[in-house]
Amino acid sequence: MSLGRNAGLAQEASALVVVVKPVRAADGTVSALEIREQLQSSTRDGAPLSLKAALSAITVKHIADSITNLQVTDAQGSVPLTTTDDPPVTSDDSAYRHWKATRQTNSPIAISYRFPTNPTVARRGPPLGMERAGQGVAGSGIGFFLLPENSTSETTRLSWDLSDMPTDSVGVTTAGGGQVNIAGPPSELFKLWVLAGPALAVHAPPPSGFSAYLVGTPPFDGTEMLKWASKAYSSIGSSFQYMGLPKYNLMIRALDGESLGTGTAGEGRGASLINVGKTYWPDQDRTYFRNTIFHEMTHQWVGLIKDRASWYEEGLTVYVTATLPCESHLLSPAECADDLNRTLESYYTSEGRNWSQQKITDSPFLNEGVRDVPYGRGALYFANLNSQLLTKSHGRRDLETALHPLLVARRDGSGLDQADFEAMLRRELGRVAVTEFHEEVIDGTKEIVPPSNAFGPCLMRVRVTFPSEKGGNSVNGYVWHPIGKGAPALCNIP
Ligand SMILES: [Zn+2]
Numbered sequence: 001m002s003l004g005r006n007a008g009l010a011q012e013a014s015a016l017v018v019v020v021k022p023v024r025a026a027d028g029t030v031s032a033l034e035i036r037e038q039l040q041s042s043t044r045d046g047a048p049l050s051l052k053a054a055l056s057a058i059t060v061k062h063i064a065d066s067i068t069n070l071q072v073t074d075a076q077g078s079v080p081l082t083t084t085d086d087p088p089v090t091s092d093d094s095a096y097r098h099w100k101a102t103r104q105t106n107s108p109i110a111i112s113y114r115f116p117t118n119p120t121v122a123r124r125g126p127p128l129g130m131e132r133a134g135q136g137v138a139g140s141g142i143g144f145f146l147l148p149e150n151s152t153s154e155t156t157r158l159s160w161d162l163s164d165m166p167t168d169s170v171g172v173t174t175a176g177g178g179q180v181n182i183a184g185p186p187s188e189l190f191k192l193w194v195l196a197g198p199a200l201a202v203h204a205p206p207p208s209g210f211s212a213y214l215v216g217t218p219p220f221d222g223t224e225m226l227k228w229a230s231k232a233y234s235s236i237g238s239s240f241q242y243m244g245l246p247k248y249n250l251m252i253r254a255l256d257g258e259s260l261g262t263g264t265a266g267e268g269r270g271a272s273l274i275n276v277g278k279t280y281w282p283d284q285d286r287t288y289f290r291n292t293i294f295h296e297m298t299h300q301w302v303g304l305i306k307d308r309a310s311w312y313e314e315g316l317t318v319y320v321t322a323t324l325p326c327e328s329h330l331l332s333p334a335e336c337a338d339d340l341n342r343t344l345e346s347y348y349t350s351e352g353r354n355w356s357q358q359k360i361t362d363s364p365f366l367n368e369g370v371r372d373v374p375y376g377r378g379a380l381y382f383a384n385l386n387s388q389l390l391t392k393s394h395g396r397r398d399l400e401t402a403l404h405p406l407l408v409a410r411r412d413g414s415g416l417d418q419a420d421f422e423a424m425l426r427r428e429l430g431r432v433a434v435t436e437f438h439e440e441v442i443d444g445t446k447e448i449v450p451p452s453n454a455f456g457p458c459l460m461r462v463r464v465t466f467p468s469e470k471g472g473n474s475v476n477g478y479v480w481h482p483i484g485k486g487a488p489a490l491c492n493i494p
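Written out as C-alpha cells, the structure reads:
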C-alpha cells in the first residue's frame, strides 16, 4: 500500500491544492478554465482569508475583471468578500485586485471560479494572457490565477482535470506535465508558463531533461521543429557544460491568426512559451522561430547577473544564438546571420544606441526600440571580447573558458555580479578591459567595432547604411554576411 501512503503524505504536505479544468465550447475550442482550490493551511496570524489576482500584466488587460462565478466557503458556509484594487503601476510589475473575507475564516477553505479564455488578440509583449490555440490553450499563471495571499502554505499541489478535453490532451506547466508540487508560497503559480490541450509532444531520451509541447496549427512542421529544439537543447548544454541538461519544458502555442511580432518568454527558469500564429508575419519564416527557440533556451544557461542587467542576459544570449547554432551545424551561416542582423539593425537605428545602460533600464517596458539596445550592443561587446581573449591567449582562451568559473560559482551559490565580471576582465585582459567595458556597455559612449571574424569563421563584417525610420538622418553600422566563396570547408556543412 505504499502508493496510497505516499499520496496521503503528498496531500498533507500540500497546504494548497489547485485543480485546473479546461472546458470546451460547442466548436471544440477551450472557452474557459474552471479552477478549484482547497486551502488546508491556516492564514498568517489567523487573519481572515485574502485572495489576489492581477488587474493586468504588461500588455494583457482585464485579468481580474474576467473572473466570474467566484465562490469561497469554509465550515461556516459562504464567505462574504470585499474587493480593493492596487493603484496602477508604471513598472513591469502587476497591480492586483484583493478579495478580503469580511468575517473570520477557518481552514479548510474551498475556492472556485471560472476564467473565460481570451480570443486571439494581436499584441506585443510576452505571451502572458491565457489564449486559445487550436483546441488547446496556453499562457501564464499571472494571466488567470486567483490565489490566497495571506496563507502560511509553502507547497502547492497543482493538477489537471482533463475530462472535458480530447483524449490525447496534456496539462503542462513550467514545473512539468500532469500533477506537480510547487515549492514556495501560492504566488509562485503566477510565474508559471501553462499549456493544455491535445498537443504534439517530444521527450528527449535521458540524460536530457528536455520536453516540448505544441498546441494549435503553426505555419511550420511542428514535429520537425520540436525535434530540432531537442537537438539544440543538447548542443547548448554541451557547450556551456556547467549544468548538464536539466529538466526543461518548451511550450509552443499556435494562435488562430497571424503570428504576433513577439516570441518572448522571459523568466528563463526551466521553461519557455513561444508564440506563433497560423501564418507568418512578413519577416518571419522557419529560421525566425528556430532562432527564437534557441534564444529562449540559451537563457537557461546564461542565467541572470545580480540586480539583472540586459547587457549581460540578453547581450550574451544574442551572441550565443548568433554563433553556437552554426558551430553545431544546427543552422546555416546565413540563418545565424539572419537573427544577428535583425538585432543589430534595431540597435543601430535606435535613438538609445548611445544611452547608458541605466537610462535604457529606466525607459518604459514598451519602448522596445530602446529596451532592445542592449541585445545588439551586448552581442557586439561579447563578440569583441571573445576575439580579444583569443588574441591575447594565442587561441587558448575564449569567452566560454573565461566565463566558466563565474557560472560555476553562481551555480554553487556564490552569486554572480558585475564586480565578479569585472574581476574576470582584469584577470584575463588587464585594467584597460574594465575601462572599455564601462565606456562601451555601462555608459554606452564608445562604439564597439568587433573584427570581421568576431561571429565565427563563416561570417564577415560588412559596413552598411540603415535608412532612418522617422525621416531623420540615416545611420551607419555593421552587419555580418556569410563569407561564401573561400569560406572554410566547415561552413558548408548544413
Ligand atoms: Zn532574451
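Going by UniProt numbering, the sequence shown runs without a break in its numbering and finishes at 494.
Note that beta-carbon positions come from the ideal geometry of N, C-alpha and C, so glycine has one too.
Nearest-angstrom Cβ-Cβ length linking residue i and residue j, presumed shorter than 8 Å
i      : j      : result
Gly197 : Val30  : 7 Å
Arg290 : Asn275 : Arg290 to Asn275, Cβ: 15 Å. No contact.
Leu416 : Arg410 : 4 Å
Phe210 : Ser238 : Not confirmed; about 13 Å, so no contact.
Pro451 : Ser387 : 5 Å
Arg114 : Glu34  : 5 Å
Gly28  : Gln179 : Wrong, their Cβ atoms sit about 25 Å apart, outside the cutoff.
Ala183 : Thr155 : 6 Å
Leu192 : Thr173 : 4 Å
Asp398 : Leu390 : 5 Å
Residue environment, residue i, which counts as buried when at least 16 other CB atoms sit within 10 Å
i           : result
Phe365      : exposed
Val432      : exposed
Gly315      : buried
Lys21       : buried
Gln76       : exposed
Gly484      : exposed
Pro488      : exposed
Ser414      : exposed
residue 523 : As displayed, the chain neither begins before 1 nor continues past 494, which places residue 523 out of reach and without an answer.
His394      : exposed
Thr349      : buried
Pro282      : exposed
His62       : exposed
When the options are compared against residue i, the one with the closest alpha-carbon
i           : options                        : result
Asn453      : Val276, Ala337, Leu214         : Ala337
residue 497 : Leu147, Lys61, Trp99, Gly139   : This structure cannot speak to residue 497, because the chain is shown only from 1 to 494.
residue 500 : Tyr347, Gly413, Gly430, Met251 : Residue 500 falls outside the range modelled here, since the chain spans only 1 to 494, and no answer is possible.
Asp443      : Gln418, Ala489, Gln358         : Gln358
Phe382      : Asn354, Ile360, Thr317         : Thr317
Leu255      : Lys278, Leu245, Gly456         : Lys278
Tyr96       : Leu81, Ala212, Phe421, Asp65   : Asp65
Phe421      : Cys458, Ile305, Ala322         : Ile305
Ile448      : Pro87, Asp412, Asn384          : Asn384
Ser208      : Glu224, Ser363, Lys247, Pro126 : Lys247
Ser140      : Val18, Gln300, Ala57, Ala419   : Ala57
Gly125      : Ser78, Asp92, Ala232           : Asp92
Leu353      : Thr445, Leu406, Gly430         : The sequence given here has Arg at residue 353, not Leu. For the residues Thr445, Leu406, Gly430, the minimum Cα distance to Arg353 belongs to Thr445.
Leu324      : Leu490, Ser235, Thr435         : Ser235
Arg342      : Val373, Ile360, Asn367, Leu331 : Val373
Ala133      : Thr435, Thr217, Glu313         : Thr217
Ser363      : Leu459, Thr90, Asp221          : Thr90
Collapsed DSSP secondary structure at residue i in the structure displayed
i      : result
Gly376 : helix
Tyr319 : helix
Gly477 : strand
His98  : strand
Glu296 : helix
Thr361 : helix
Tyr113 : strand
Ile236 : helix
Thr287 : helix
Leu490 : helix
Asn106 : coil
Tyr347 : helix
Met130 : coil
His438 : helix
Within 8 Å, strictly: CB atoms of residue i and residue j
i           : j      : result
Gly369      : Glu351 : yes
Arg377      : Trp311 : yes
Leu158      : Ile142 : no
Val60       : Ile111 : no
residue 501 : Ala199 : No statement about residue 501 is possible, as the shown extent of the chain runs from 1 to 494 and does not include it.
Leu70       : Lys100 : no
Tyr288      : Met251 : no
residue 495 : Arg24  : This structure does not reach residue 495, given that the chain is present from 1 up to 494, and the question cannot be answered.
Ser153      : Leu51  : no
Val137      : Thr105 : no
residue 506 : Leu49  : Past the boundaries of the shown model lies residue 506; the chain is included only from 1 to 494, so the question cannot be answered.
Leu340      : Trp480 : yes
Checklist line | Test item, CB below 6 Å from any non-hydrogen atom of ligand 2 | finding: Ligand 2 is not part of the structure shown, which contains ligand 1 as its ligands.
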